[in-house]
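J.:
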Amino acid sequence: MNKPLRRIAIFCGLLVLALLVRTNYLQFVQAEELKTDTKNRRVDIARYAQPRGNIIVDGKSVTGSTIVNGNDFKYKRTYKNGKLWAPVTGYASQGFGATQLENLYDPILTGDDDRLFFNRTIDMLTGKPQKGGNVVTTLDAKAQKAAYDGLGDAKGAVAAINPKTGAILALANKPSYDPSNFAGVGKKDSEAYNALQKKNDPDDPMLNRALRQTYPPGSTFKVVTAAAGLESGKYDVDSKTDSPDPYRLPGTTRDLGNEGNIPQCKNASIRVALQWSCNTVFAKMSHELGNDEMIEAAEKFGFKKDVKGGTLDPDLDMPVRPAKSIYPKDIASQNAQAGIGQASNRATPLQMAMVAAAVANDGKLMKPYMVDQLVAPNLNVIEQTKPKELSQPISAENAQKLQSAMETVVKDGTGKPGQIPGFTVGGKTGTAQHGENNKDNPYAWFISYAKTGDGSPVAVAVVVESSDTLRDDIAGGKLAAPVAKRVMEAVLKGKQ
Amino acid sequence: MSSNLTTTGSNTTVSSGGLPSRRNTELALLVFAVLIPVFAYANVGLAMDDRLPSGMLGYGFGLALLAGVGHLVVRRWAPYADPLLLPLATLLNGIGLVIIWRLDQSERLQTRAKLLFGAFSPDAPNQLMYSAIGLALFVAILVVLKDHRVLQRYTYISMAVGLVLLVLPVFFPARNGAKIWVSLGPLNLQPGEFVKILIAVFFAGYLMVKRDALALASRRFMGLYLPRGRDLGPILVVWALSLMILVFETDLGTSLLFFGLFVIMLYVATERTSWIVFGLLLSAGGAAAVATFEPHVQDRVQAWLHPFAKETMAQSDQIAQSLWAFGSGGVLGSGWGQGNSDLIGFAANSDFILATVGEELGLTGTMAILILYGLIVERGVRISLAARDPFGKLLAVGLSGAFGLQVFVVAGGVMGLIPLTGMTMPFLASGGSSVLANWALIGILIRISDTARRPAPAPAPSPDAEMTQVVRPS
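For the protein sequence lines, the chains are Y and B, in the order given. When we follow the working numbering, the leftmost residue of the first sequence carries the number 1, and every step to the right adds one. When we follow the working numbering, the leftmost residue of the second sequence carries the number 1001, and every step to the right adds one.
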């Protein structure tokens, strides 16, 4: 009987071997995946097992932790002025997970990051509890407040960038939400969270409009079309463009006019056309450049031509991932309208701030980023973001020509409300139609930058969603430009 | 391997020489088998409450006392027994006690118990008591059972008692979807645990008698030796029985265990590979057939295939929780008392106890525990190899095979390797029946190993031997 016995011995060995292989697979190969699975409650438990590190703006933390000693959770997240900072921080809730910086830097904030291994070990050896690191943002508290207060009760969003580095200075939304209200797991937290969901609040306060909502950019997009025109060499900033008024859309019998009767638009130069926001000139320019060349120009500014692979744009991670802005591949008549920011042209406020920033920075588009440093609990810097050039959508020479045209807009054109005494400001207004037959209230846009002696420290994009009072003339100049002005002033004052 | 074994040539398992009893090896190993759980116990206390647990001395002495009594009894009544089995069982039992005590401290499980049953009662004291009773059973077996061949007399009685115990749970209400319990007042027994020993005894006795008929009287067909119809009868009966367990008691594990056990013993008895093929075909066919109409089995398979699917989670998140526990443990584990394996909730300290090992001791600890089980099984098969009588051989391989299958079925289920079945990890898991039955199993194995390694009576003087001495050159 010994031969089969030996085989049984081997068989039993194989059973144990199968178990050993399986446990290696589970606990080594798959371990990370299982450990960080968001449905794994340990992720939430670890997140609140010690006071969480903080998110810092201008040297002050906008977050905090309070001890609650719950069944699973020892600490709870708190927010200072949560509504103001929610678009930046996102939220960390015991019951509803985490988003944005709270989510992306969770390992740093909890202290579990591999780069904090040394700190953890020292703490463990000296018997101290684990501590989380801090996330230092690039935001400017004054600019953020100016943006948030400037929007007032209107729905809208503001994005402000430092054109020289790409650092985000302001990122504000209206309406907003206070993440403190649902940071726990209780009944109140659930109620607060549910009330904020889109199905219960049509205003969708948890939507991060500045990064994740795309709007038709309207006339602000003319800056991109103008840049494409200048780059093509076929146009110059002050030479006539041979444009009729009205302009018949190619391949149709439809005439495109301007907002109101603006005689200057006929045969206007780029400067004059920007100053008066002539649809006719830029629609024609977009058509003459062609869809492909327009797509190429828009892509250099950060647009994409479709949503293949998702509606979010990983190329622009900062590190929160913004939505893709789209300059569409389309037929000639649509392309002509897309050239004035209509048709299927869609952009986030961040994207339009990038357009203004690229022009202001003499054509160099810096990659936007909102986290400056990651700091260990002992204040050692463990990661420092270095400004990075994303592309050069327009030559320095052409950028300066475009700047002078945008400055004309603010000095003598539709952008007058954006003027700041003592500083040079360049900008462009926009009024985007939307809805079927344009029956919905339009969006008011303003993109601008301000200059000091050594270049531009701030570029900003403001969008204000519908307002009933200004049905016909919602011109970006009236609603959006004053907000942009406040943001720019806040930054400029900080510089002095 | 001792030196005098190697000199006997290639067949090291049968030797008539005076083997060392290896009792001191066993004692040395037992010291570790007691110290490791005691340190683990201290570790849990330090991790969870920052102080040494108050019951540490009592627990340490208790475990040492059990191990000491076990050792002395083996020394006195089974001096040639395998030296590894007692320390391995003691170590696993001790570690199991620590894990159960650690899970008793879990606030989460306490709250859960209060919510569901109105009160929480710790399991560790019970487990300690059952461990003591289990060891008493072990002692009783060694003292009373002087020779394992005595069991041969009870072949058919074992079968009868085994069948009664198997059928009994049908008359009791199902607990958690499986009818494997017998409830007598406060006592909840899982007769299946004992049945595996009884059935192994029956198979060993039955096959010893019938093995020649089964092995030789067969027809050759397509390269396989097919048994005669009349020999096939009892096998089909066992097969039908195991399927009935599956259907009426919805107990996948026990069913698999019995049939696997039977096929292993049949193969060893007859040395016919055809039996394995036949057995695999029967079990696969039976399982597939039952799975088509038994929703309980289908659910288990679905939960195994898609542990994280919404439908599975809505029904029970046990497997997902178990997998998360293993994954979160990683290579080194969170450390004693610092994991969250109590999230598993139901059966965290019985069927799913290995998940706590996985999370708190990590891959390292899980591998160590699995290897401990593997050692028990392989020592068991080795005892079978060394045994001198066919009954002992069959019984030893049956018992260790059943033990190995059970470990595989439970651990595989908890780790998501195979569909989950309701069975307990031998020695580790909380549960009186399991502890008692497994100590009895170890007792019988130790008895067989003692008989196997006991020096044979001195051979009668052989004339050949005399002759060779005469011609010995001087």
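All C-beta atoms in this analysis are idealised placements derived from N, C-alpha and C, irrespective of residue type, glycine included.
Buried or exposed for residue 309(Y), please, with buried defined as at least 16 other CB atoms from any protein chain shown within 10 angstroms of its CB.
T.: With fewer than 16 other Cβ atoms within 10 Å, it is exposed.
J.: From the DSSP output, which residues share a beta bridge with residue 232(Y)?
T.: For residue 232(Y), which the question treats as bridged, DSSP gives no partner whatsoever.
J.: For a contact defined as C-beta to C-beta under 9 Å, what are the partners of residue 289(Y) on chain B?
T.: Within 9 Å Cβ-Cβ: nothing; residue 289(Y) doesn't reach chain B, min ~50 Å.
J.: For residue 12(Y), collect the residues of the same chain with a Cβ closer than 6 Å to its Cβ; drop the 5 residues on either side in sequence, then sort them by chain order.
T.: Contacts found: none.
J.: Say whether chain Y places a C-beta atom closer than 8 Å to the C-beta of residue 1108(B).
T.: Yes, because at least one Cβ of chain Y sits closer than 8 Å to the Cβ of residue 1108(B).
J.: Taking the straight line between their C-alpha atoms, what separation do you get for residue 471(Y) and residue 430(Y)?
T.: A caution first: residue 471(Y) carries a pLDDT of 47, below 50, which makes its placement in the model too unreliable to give a value.
J.: Considering only residues of the same chain and omitting the five flanking positions on each side of residue 1308(B), which have a CB-CB separation below 7 Å?
T.: Answer for residue 1308(B): 1320, listed in chain order.
J.: Give the DSSP-derived three-state secondary structure of residue 428(Y) in the structure shown.
T.: Strand.
J.: Return helix, strand or coil for residue 1316(B), following the three-state DSSP convention.
T.: Of the three classes helix, strand and coil, the one that applies to residue 1316(B) here is coil, per DSSP.
J.: Can you list the residues of chain Y that residue 1415(B) reaches, using a CB-CB cut of under 8 Å?
T.: The answer, in chain order, is 19, 22, 23 and 26.
J.: Kindly list, in the order they appear in chain Y, the residues whose Cβ is closer than 8 Å to that of residue 1370(B).
T.: Within chain Y, the residues near residue 1370(B) are 16, 19, 20 and 23.
J.: If you measure beta-carbon to beta-carbon, which residues of the segment 1343-1376 of chain B are closer than 8 Å to chain Y?
T.: Of all residues in the segment 1343-1376 of chain B, 1343, 1358, 1362, 1363, 1366, 1367, 1370, 1371, 1373 and 1374 have a Cβ within less than 8 Å of some Cβ in chain Y.
J.: Should residue 187(Y) be flagged as near chain B, meaning a C-beta pair shorter than 8 Å?
T.: Chain B, which has no Cβ nearer than 8 Å to the Cβ of residue 187(Y), makes this no.
J.: Take residue 1265(B) as the anchor and find which of 1050(B), 1210(B) and 1453(B) has the nearest alpha-carbon.
T.: When each option's Cα is compared against that of residue 1265(B), the closest is 1210(B).
J.: Give the range of the alpha helix (DSSP H) segment to which residue 1439(B) is assigned.
T.: 1432-1453 is the span of the alpha helix (DSSP H), which, as asked, contains residue 1439(B).
J.: Does any residue of chain B have a CB that is nearer than 8 Å to the CB of residue 49(Y)?
T.: Chain B, which has no Cβ nearer than 8 Å to the Cβ of residue 49(Y), makes this no.
J.: According to the neighbour-count rule (16 or more other Cβ atoms, all chains shown, within 10 Å of its Cβ), is residue 495(Y) buried or exposed?
T.: So residue 495(Y) ends up on the exposed side.
J.: Taking Cβ positions, are residue 354(Y) and residue 418(Y) nearer each other than 8 Å?
T.: Not closer than 8 Å, so no.
J.: For residue 1328(B), return the contacting residues in chain Y, with the cut-off set at a CB-CB distance below 8 Å.
T.: Residues of chain Y passing the Cβ test: 31, 34, 35, 40 and 42.
J.: Taking the straight line between their C-alpha atoms, what separation do you get for residue 1098(B) and residue 1105(B)?
T.: Looking at the two C-alpha atoms, the distance is approximately 11 Å.
J.: I think residue 108(Y) touches residue 53(Y), with their Cβ atoms under 8 Å apart; what is that distance to the nearest whole Å?
T.: Between residue 53(Y) and residue 108(Y) the Cβ distance is about 6 Å, and since that is below 8 Å, they are a contact.
J.: Which value, in whole angstroms, describes the spacing of the CA atoms of residue 1136(B) and residue 1436(B)?
T.: Each residue's alpha carbon lies about 9 Å from the other.
J.: Is the distance from the Cβ of residue 227(Y) to the Cβ of residue 357(Y) below 8 Å?
T.: No.
J.: Which residues bound the beta strand (DSSP E) around residue 457(Y)?
T.: Its beta strand (DSSP E) spans residues 455-464.
J.: Along the chain, where does the alpha helix (DSSP H) containing residue 279(Y) start, and where does it finish?
T.: Its alpha helix (DSSP H) spans residues 279-289.
J.: Under 8 Å Cβ-Cβ, which residues of chain Y neighbour residue 1340(B)?
T.: The contacting residues are 41, 42 and 45.
J.: Keeping to the same chain, check which residues put their C-beta closer than 6 Å to that of residue 282(Y); ignore five residues upstream and five downstream.
T.: The residues are 222, 225, 339 and 340.
J.: Could you list which residues in chain B have their beta carbon closer than 7 Å to that of residue 8(Y), in chain order?
T.: Those within 7 Å of residue 8(Y) in chain B are 1264, 1268, 1381, 1397 and 1401.
J.: If you follow the alpha helix (DSSP H) that residue 1212(B) is part of, which residue opens it and which one closes it?
T.: Segment 1191-1216, the alpha helix (DSSP H) holding residue 1212(B).
J.: Pick out whichever of 1038(B), 1076(B), 1088(B) and 1259(B) has its Cα sitting closest to the Cα of residue 1438(B).
T.: The shortest Cα separation from residue 1438(B) among 1038(B), 1076(B), 1088(B) and 1259(B) belongs to 1088(B).
J.: Which of helix, strand or coil does DSSP assign to residue 1183(B)?
T.: DSSP places residue 1183(B) in strand when its eight states are reduced to three.
J.: Within a Cβ cutoff of 6 Å, which residues of the same chain sit near residue 1417(B), ignoring the five residues on either side of it in sequence?
T.: Around residue 1417(B): no qualifying Cβ.
J.: Given a cut-off of 8 Å, decide if residue 104(Y) and residue 442(Y) are closer than it, judged by their beta-carbon atoms.
T.: Contact flag unset, no.
J.: Roughly how many angstroms lie between the CA atoms of residue 1358(B) and residue 1333(B), to the nearest whole one?
T.: Residue 1358(B) and residue 1333(B): Cα-Cα distance of roughly 7 Å.
J.: Report yes or no: is there a C-beta of chain B within less than 8 Å of the C-beta of residue 5(Y)?
T.: Cβ-Cβ to chain B under 8 Å: yes for residue 5(Y).
J.: Closest Cβ-Cβ distance between residue 12(Y) and chain B: below 8 Å?
T.: It does: the Cβ of residue 12(Y) has a partner Cβ on chain B nearer than 8 Å.
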